[in-house]
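Counting in full-length UniProt numbering, the sequence shown runs from 1 upward without gaps.
Ideal Cβ placement from N, Cα and C applies to all residues, glycine included.
Since we're looking at a predicted model, the values are computed, not measured.
Inspection log for the structure reproduced underneath, given as structure tokens.
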Amino acid sequence: MSQSRKQSGLPPLDWLRVFEAAGRHGNFTAAAQEQGATQAAVSQRIRNLESWLGRPLFSRGARGVTLTVDGESYLPLVQETLRTLEQGTVDLFGKSPREIRLAALSSHLDTLVLPRVVPFLAAYPDLRFVTNSVPLRSAFADESTALQLRYGRGPWPGRQAHLLHPEVLQPMMPTHWDPDDWKLRPAIELRGERPGWQEWARALNLPVPHFSGLNVDSMGHALRAARLGQGIVLGSRVLARHFLATDQLTLIDVPPLPCAEGYWLTWPDSFSASRRRRKLLEELIAALSQP
1 MSQSRKQSGL PPLDWLRVFE AAGRHGNFTA AAQEQGATQA AVSQRIRNLE SWLGRPLFSR
61 GARGVTLTVD GESYLPLVQE TLRTLEQGTV DLFGKSPREI RLAALSSHLD TLVLPRVVPF
121 LAAYPDLRFV TNSVPLRSAF ADESTALQLR YGRGPWPGRQ AHLLHPEVLQ PMMPTHWDPD
181 DWKLRPAIEL RGERPGWQEW ARALNLPVPH FSGLNVDSMG HALRAARLGQ GIVLGSRVLA
241 RHFLATDQLT LIDVPPLPCA EGYWLTWPDS FSASRRRRKL LEELIAALSQ P
């Protein structure tokens, strides 16, 4: 093949895939393991690619290989091209996803996901919906599940996010209590990032209620304690939706307190690259955004 022919076409896809793996790992041995080839085969394909391009892509030394300036410039172009080709192939010829995984705090799975996901699953009877319970909000940093339901202000580095529900706090109490006596009832304290009774009282120019002595670190626990008659709670309207609808709790007739935080569905950019996954994601968002 002549040099002019080489410059006007494209190198073989196999060479590009090997180069991408070697460039990403910075190591021919790791690239060989990933590609299911020998190190010698990887070295040969990269030499073929370098000969085809007429430029060295790696500097070889006693301690291993490093990308040259040309290699560093070429690697992101090759990666983006391979990613686009893979995504286009999946869009045109791939099958719809068979499984979708969602990670969230256990209380959020109970209150935000499971009550709303039924119509979504009915529309996808062959889809396996898998939930992963995250023990603490700080554990999301180590969570590998692509789809995550997070509480906060967003955004999160490296992740796209859609706000499902803004946080709105309002005092609540058991339904069987006399609504006129709520000021006489003790209040449950909740630790965490949400505004508390002090912020609510300051915003509405009302006195801070007296406390019951119960101090919890979970909105789920605070709502349960209120249902058990252990005090009034500055509760999350979205998390208490089921309890309010089934008359386990009732809203106290005072203004709510909107918050800067909310409940977000988040995912890495790569998750929504496929057209089929984007459609699935849009429908899941619609389901989880229901009032």
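Report back the beta-carbon spacing between residue i and residue j to the nearest angstrom; my notes put them in contact at under 8 Å.
| i | j | result |
| --- | --- | --- |
| glutamate 199 | leucine 257 | 7 Å |
| leucine 190 | valine 254 | The pair is not a contact, with the Cβ atoms about 17 Å apart (cut-off 8 Å). |
| proline 186 | alanine 226 | Contact doesn't hold; Cβ gap of about 11 Å is too wide. |
| isoleucine 252 | proline 171 | 4 Å |
| leucine 85 | valine 113 | The Cβ separation is near 34 Å, so there is no contact. |
| serine 272 | arginine 278 | 5 Å |
| serine 59 | glutamate 167 | That pair is no contact at about 53 Å. |
| serine 218 | serine 107 | 6 Å |
Among the options, which residue has its Cα nearest to the Cα of residue i?
| i | options | result |
| --- | --- | --- |
| glycine 61 | Leu85, Asn27, Thr89 and Leu49 | Asn27 |
| valine 130 | Arg159, Ser272, Ala123 and Leu147 | Leu147 |
| glycine 192 | Gly220, Trp156 and Pro171 | Gly220 |
| threonine 145 | Ala103, Pro207 and Arg153 | Ala103 |
| leucine 265 | Val18, Trp182, Arg159 and Arg276 | Arg159 |
| alanine 141 | Arg224, Val118, Arg83 and Pro268 | Pro268 |
| arginine 24 | His176, Ala122 and Tyr74 | Tyr74 |
| glycine 36 | Ala21, Asn48 and Arg47 | Ala21 |
| leucine 121 | His162, Arg98 and Thr111 | Arg98 |
| arginine 275 | Ile46, Thr89 and Thr66 | Thr89 |
| tryptophan 177 | Pro76, Asp247 and Gly64 | Asp247 |
| residue 322 | Arg45, Tyr263 and Thr29 | Absent from the structure is residue 322, since the part of the chain shown begins at 1 and ends at 291. |
| arginine 17 | Pro76, Asp70, Arg63 and Gly54 | Pro76 |
| asparagine 132 | Val118, Pro125 and Asp110 | Asp110 |
Spell out the partners DSSP gives residue i in its beta bridges.
| i | result |
| --- | --- |
| glutamine 170 | Gly235 |
| glutamine 148 | Ala103 and Thr266 |
| serine 133 | Ala104 |
| threonine 66 | Ser59 |
| histidine 162 | Leu265 |
| glutamate 20 | Bridge partners of glutamate 20: none, in fact. |
| arginine 128 | Glu99 |
| alanine 187 | Phe211 and Ile232 |
So, with DSSP's three-state summary, where would you put residue i?
| i | result |
| --- | --- |
| leucine 223 | helix |
| proline 291 | coil |
| threonine 111 | helix |
| serine 4 | Low local confidence applies: a pLDDT of 39 at serine 4 is under 50, so the model's placement there is unreliable, and no value is given. |
| leucine 280 | helix |
| threonine 38 | coil |
| glutamate 50 | helix |
| leucine 214 | strand |
| proline 258 | strand |
| leucine 251 | strand |
| leucine 206 | coil |
| arginine 153 | coil |
| tryptophan 200 | helix |
| threonine 175 | coil |
| alanine 273 | coil |
| threonine 81 | helix |
| arginine 116 | coil |
| isoleucine 285 | helix |
| leucine 75 | helix |
Residues in the same chain with beta-carbon distance under 7 Å from residue i, minus the five sequence neighbours each way, listed in chain order, please.
| i | result |
| --- | --- |
| leucine 13 | none |
| serine 4 | Legend: pLDDT at serine 4 = 39, less than 50; position of this residue unreliable, no value from coordinates given. |
| phenylalanine 211 | Pro186, Ala187 and Glu189 |
| asparagine 48 | Trp15 |
| proline 207 | Ala201 |
| phenylalanine 243 | Leu223, Arg227 and Leu249 |
For residue i, which residues in the same chain have their Cβ closer than 6 Å to its Cβ, ignoring the five residues on either side in sequence?
| i | result |
| --- | --- |
| leucine 105 | Val134 |
| alanine 222 | Ile188, Leu190, Val216 and Val233 |
| arginine 116 | Ala287, Leu288 and Gln290 |
| proline 56 | Glu50 and Thr68 |
| arginine 153 | Ala260 and Glu261 |
| glutamine 79 | Glu20 |
| leucine 10 | none |
Looking only at its chain, what residues have a beta carbon closer than 8 Å to the beta carbon of residue i, apart from the 5 residues adjacent to it on each side?
| i | result |
| --- | --- |
| alanine 32 | Thr38, Gln39, Ala41 and Val42 |
| isoleucine 100 | Leu127, Arg128, Phe129, Val130, Leu147, Leu280 and Leu284 |
| glutamate 34 | Ala21 and His25 |
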